[in-house]
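**Student:**
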Amino acid sequence: MQDPDCIFCRIVKGEIPSRKVYEDDGILVFRDIRPQAPVHLLMIPKAHVATMYDLTDGDAPVMGRMMRLAGKLALDEGARDGFRLIVNNGRVGLQEVQHIHLHVLGGPEPLGPMLPRRSTQGD
Ligand code: DGP
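66 is the number that this note's numbering gives to position 61 of the sequence shown; each next residue is one higher, with no gaps.
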């Protein structure tokens, strides 16, 4: 259920402090320690799941509720004209913390391109 060595599991247990925005029996939402936009929340399932590769059918309800909650919390935070959800996975996705988290990023100004542009063949 939880991994004692996982930073986000330790945040769930209250062993590491966080600036909580929302909590229920299966979900915790808190502010990113290194915000990259005026609104930058992290939404996590309380149960330890390392990456989206590791999700099972049993995780679908909580992941679905997180999707519903993302827009609601973005509005509550004042991101009323759009926001972005990012879920980094694994080495290629540059995932730093191995516990699924949805980054909720919001304005007021447009966030910029989704990825830094790099030249590829045909550009
Ligand atoms: P990612 O690259 O998607 O795994 O991003 C991990 C994010 O987690 C990164 O934006 C910084 C944030 N983070 C890491 N450690 C902590 C922490 O202890 N507390 C909080 N609030 N955020 C953290």
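Cβ coordinates follow ideal geometry from the N, Cα and C atoms, glycine included.
L116 and G42 - do their beta-carbons sit closer together than 9 Å?
**Tutor:** In the sequence as presented, Gly is not what sits at residue 42; that position holds Ala. Cβ distance < 9 Å, so A42 and L116 count as in contact.
**Student:** Taking buried to mean at least 16 other C-beta atoms within 10 Å of its own C-beta, is I49 buried or exposed?
**Tutor:** Burial call: buried.
**Student:** If you count every other CB in all the chains shown that lies within 10 Å of the CB of V17, and 16 or more means buried, which is it?
**Tutor:** By the 10 Å Cβ count, V17 comes out buried.
**Student:** Assuming Y58 and N94 make a contact with CB atoms under 8 Å, what is their CB distance in whole Å?
**Tutor:** That pair is a contact at about 7 Å.
**Student:** Alpha carbon to alpha carbon, how far is A55 from Q100?
**Tutor:** Going from the Cα of A55 to the Cα of Q100 covers about 10 Å.
**Student:** Tell me whether L60, by its Cβ, gets closer than 8 Å to a heavy atom of the ligand DGP.
**Tutor:** False, no ligand heavy atom lies under 8 Å from that Cβ.
**Student:** Distance, Cα to Cα, A65 vs D8?
**Tutor:** Whole-angstrom Cα-Cα distance: 20 Å.
**Student:** Do V26 and R36 count as a contact pair if the criterion is CB distance below 9 Å?
**Tutor:** Taking 9 Å as the Cβ cut-off, R36 and V26 qualify as a contacting pair.
**Student:** Taking the C-alpha atoms as reference points, what is the distance between D30 and I91?
**Tutor:** Straight-line Cα distance between these residues: approximately 23 Å.
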